[in-house]
Each structure stands twice: as C-alpha cells, then as structure tokens.
Amino acid sequence: MAKADTLTIKLVKGLAGIKKDQIAVCASLGLRKTNDITEQPNNAATLGKVAKVAHLVKVL
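Per this note's numbering, numbering through the sequence shown is continuous, rising by one, with the last residue being 138.
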C-alpha cells in the first residue's frame, strides 16, 4: 500500500509512436513497458512529469 507522500503511477498505453521527450519522461519515472507500475514521491517535479504524459499514464 502506498504512503500518502507517494504516487503510484501505471503506464497504460504503449510508447510506440510517442515523441522522444515523452519517452524520456516515462523512463525517468521508471516506466518502460505497458502495465509497469512505480511509486514516486508526491512533489512538484513528479506532478509535472505526470502532467506531460497524462495521456499515457494513470495515477492509482
């Protein structure tokens, strides 16, 4: 179970055909393949990354 100070992020769409900068953002979040799940700290930097790839990820 995730703590209140972390975000659980899941990659729900594939990265084929996506811009290189968005692929780099997903990699920095630790997401490589569809259905990968990672926990990241809940801070401004992470929220900015999630906003950039919001069409590819789901915050659980």
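Backbone N, C-alpha and C fix where the C-beta goes; we use that ideal spot for every residue, glycine too.
In whole angstroms, what is the alpha-carbon distance linking I87 and D99?
-> Along the sequence shown, one-based indexing puts residue 87 at 9. Along the sequence shown, one-based indexing puts residue 99 at 21. Rounded to the nearest angstrom, the two C-alpha atoms are 18 Å apart.
So A136 is in the beta strand (DSSP E); what residue range does that whole segment cover?
-> Within the sequence shown, the letter at position 58 stands for residue 136. Note on identity: in this sequence residue 136 is Lys, with Ala being the wrong assignment. V135 to V137 is the span of the beta strand (DSSP E), which, as asked, contains K136.
What residues in its chain sit with their C-beta under 7 Å from that of C104, if we drop five residues either side in the sequence?
-> The sequence position of residue 104 within the sequence shown is 26, counting from 1. If we look at C104 and ignore the five residues flanking it on each side, its Cβ neighbours are L89, L93, V131 and L134.
Excluding the 5 residues preceding and the 5 following T116 in the sequence, name in chain order all residues of the same chain whose CB lies nearer than 7 Å to its CB.
-> Here residue 116 refers to the residue found at position 38 when the sequence shown is read from its first residue. The answer, listed in chain order, is I87, L107, G108 and L109.
If we count the other Cβ atoms within 10 Å of its Cβ and call it buried at 16 or more, is K127 buried or exposed?
-> Here residue 127 corresponds to residue number 49 of the sequence shown, with the count starting at 1. Buried: at least 16 other Cβ atoms inside 10 Å.
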